[in-house]
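Presented below is the structure to which this report refers.
Residue numbers (the working numbering), protein chains in the order written: chain A, 845 to 1184; chain B, 39 to 366.
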């Protein structure tokens, strides 16, 4: 495709961000805590370019799944703004219009399918609800099932409980693609699958992206998988972005001490080069009462007095080669190459 | 392997789950031995029979629906022939287990301290006071910070990592000689997983225990195993020293598992995935269970069960495509 000619649906212009998230916030009140709340997503800004895969990594409770739901307005943000293809969600386009272009695949492949509906109907449901005639919706469902590697005659009439985990996740991908989205949010799509099946689904996701010119937001706790699939990586810790950059920069020159610790905690796959000392100690703190100052300072091996009082801001993103980290010390820390 | 000195020895273990309508053949002839002071990793995907094998060692399977055959000897005792009373002494005494989910394995209505004290008193018959001292010592052994306070904590008040440490403490309370670990780090975050792995490795070494560690994660196996046994459809298809199996896998399934695990593959190429999916354990076909997915399949694979072959001494692969080393 000519890179200068904007795609017919591309209103943001070529190379412009397809999705911009500005200062998204979501706090969940906790009744028993006396007015406190879980700061699940606490001021997150980033953009996703057309055609890229943005990987989001972080440990449980860092807010990555809440963020995924905010991007689709499945959860309404407390504050912040979402701009899709140059139009502000809710001001310029409705949430429904957003969801026609952005779809999601969840981790739990079983609970995200209707157990009482044969899968051909599940896949046809989206296009039908969005106004396609029944026959057309059914045809789309057949095509989409074939595209994800499920024979529509064999699998179409089956119910979710008759499928294996890998097959169910293929159905979920088909369901997401049936409405013809431009962007797909993948929230831990392979985490519940066995390794031999995980590889099949990853290959499928890569092929679909190429064939359909999709843009992915890929959320995972598995750093190896994120490295394989992503162009840029966003690292989250306790509801904040701590680092954002191109995938090779993040994996070979991590700037934030948390990213370094995450990378160093990966098993080496090499029994003669085992990890001898844990890179950091303790568990992630409780998101109801995140530490003051830098939220990582309680576990950071480099923390200085300033880290305990002053919250380090994330520098602005300055273009494709940027590599930014919210750390007071990131300029001074040695950027060693992480273990392979 | 020095079979005479084995702490745990399993011969031709078979487990079936018998239901009204169907029978599931979960474990189909598994044999292995674990010497004192060594770590065996049982590696396999869901449904491979790895957890069932582990539970059979302590006879934790539902007695009504499960049928266990073969022999299990731990510390010289025949576990399958043991009366219930002796079994109670075995569990938590000679053999202890660490589960995947500490939140469901610990009792939510009792404090950590009370649960450990109860275990210690049950097995040693000592008084409350010295049991409490032992509990404190155990929490310090598993490196729980401010251990004295944590004795009074309920499971829900602890983070995932601390809960898993507490469960390890409880498992160690009666100085077991064999520790069974069923995916103990799978539910944990990466930065916590590595802490627990290193803790288990150090404790196993310091206390000289034998350990059987079940996991689906090759990376975890590489961090902790001395030997690995790879299971597929209820059988061990390959076993040997961890360095050997991970560097030069002999069985096509192990090789496929290594190739399909994402770890630094080039981003512009597909991963070498194993095609197809695992077999239905209700209707097990004759021959090698991996044959339908195998790229090195021969006609004999679908009719005969491949016998163990030894490409190197101590390295076993049950596959017709593997040449046996000449017997010297």
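Glycine included, C-beta positions come from ideal geometry on N, C-alpha and C. From a predicted model like this one, the values you see are computed outputs, not experimental measurements.
- Residue 66 of chain B has B:52 as its beta-bridge partners, per DSSP.
- Neighbours of residue 1106 of chain A across chain B, judged by C-beta separation under 7 Å: 228 and 229.
- Secondary structure note for residue 886 of chain A: its beta strand (DSSP E) is the uninterrupted segment 881 to 893.
- Residue 204 of chain B is classed as buried because its beta carbon has at least 16 other beta carbons within 10 Å across all chains shown.
- Residue-level contact by beta carbon holds for residue 1113 of chain A and chain B, with a gap shorter than 9 Å.
- For a Cβ distance threshold of 9 Å, nothing in chain A lies close to residue 272 of chain B: the least Cβ distance comes to about 15 Å.
- Within the DSSP secondary-structure output, residue 863 of chain A pairs in a beta bridge with A:892 and A:928.
- The continuous stretches of beta strand (DSSP E) do not include residue 294 of chain B, which lies in the alpha helix (DSSP H) extending over residues 290 to 298.
- From the listed residues A:1068, A:1065, A:1028 and A:1039, the smallest Cα separation to residue 1049 of chain A is found for A:1028.
- Here residue 1070 of chain A is buried: its Cβ has 16 or more other Cβ atoms, across all protein chains shown, within 10 Å.
- Take residue 956 of chain A, set aside five residues on each side of it, and the residues of its chain with a beta-carbon closer than 7 Å to its own are 950 and 1016, in chain order.
- For residue 1012 of chain A, no Cβ of chain B is located within less than 9 Å of the residue's own Cβ.
- With a minimum length of 4 residues, the unbroken runs of alpha helix (DSSP H) contained wholly in the segment 114 to 169 of chain B fall at 122 to 128, 140 to 143 and 150 to 162.
- For residue 79 of chain B, the enclosing beta strand (DSSP E) starts and ends at 77 to 81.
- Rounded to whole angstroms, the separation of the alpha carbons of residue 1044 of chain A and residue 996 of chain A is 19 Å.
- From the listed residues A:894, A:982, A:1056 and A:954, the smallest Cα separation to residue 1014 of chain A is found for A:954.
- Across the segment 1123 to 1141 of chain A, CB contacts with chain B closer than 9 Å involve 1123, 1124, 1125, 1126, 1127, 1128, 1129 and 1130, in sequence order along the chain.
- Chain order gives the chain A residues near residue 233 of chain B as 1122 and 1125, where near means a beta carbon separation below 7 Å.
- Straight across, the Cα-Cα distance linking residue 1051 of chain A with residue 306 of chain B is about 11 Å.
- Not a single CB atom of chain B sits nearer than 9 Å to the CB of residue 1147 of chain A.
- Taking the CA atoms as reference points, residue 1124 of chain A sits about 7 Å from residue 1145 of chain A.
- DSSP places residue 218 of chain B in the uninterrupted beta strand (DSSP E) bounded by 216 to 220.
- In the DSSP assignment, residue 279 of chain B falls within the unbroken beta strand (DSSP E) covering 273 to 279.
- According to the DSSP assignment, residue 313 of chain B belongs to no beta strand (DSSP E), since it is labelled neither H nor E.
- Annotated as distal: residue 902 of chain A and residue 888 of chain A, with beta-carbon spacing of 9 Å or more.
- Our two residues, residue 1023 of chain A and residue 264 of chain B, have alpha carbons roughly 51 Å apart in a direct line.
- The C-beta distance from residue 864 of chain A to residue 891 of chain A rounds to 5 Å, short enough to meet the 8 Å contact threshold.
- Contact fails between the segment 44 to 59 of chain B and the segment 1166 to 1179 of chain A, because fewer than three Cβ pairs, one in each stretch, are under 8 Å apart.
- Listed as beta-bridge partners of residue 353 of chain B by DSSP are B:350.
- By the Cβ neighbour-count rule, residue 66 of chain B is buried, with 16 or more other Cβ atoms within 10 Å of its own.
- In terms of Cβ geometry, residue 227 of chain B and residue 1065 of chain A form a close pair [threshold 9 Å].
- Interface residue (Cβ-Cβ distance to chain A less than 9 Å): residue 258 of chain B is classified as such.
- Residues of the segment 287 to 307 of chain B that bring their beta carbon within less than 7 Å of a beta carbon in chain A comprise 294, 295, 298, 299, 300, 301, 302, 303 and 305, in sequence order.
- At the C-beta level, residue 257 of chain B and residue 1113 of chain A come within 9 Å of one another.
- In the three-state reduction of the DSSP assignment, residue 261 of chain B falls in the helix class, which pools H, G and I.
- A distance below 9 Å separates the beta carbons of residue 190 of chain B and residue 150 of chain B.
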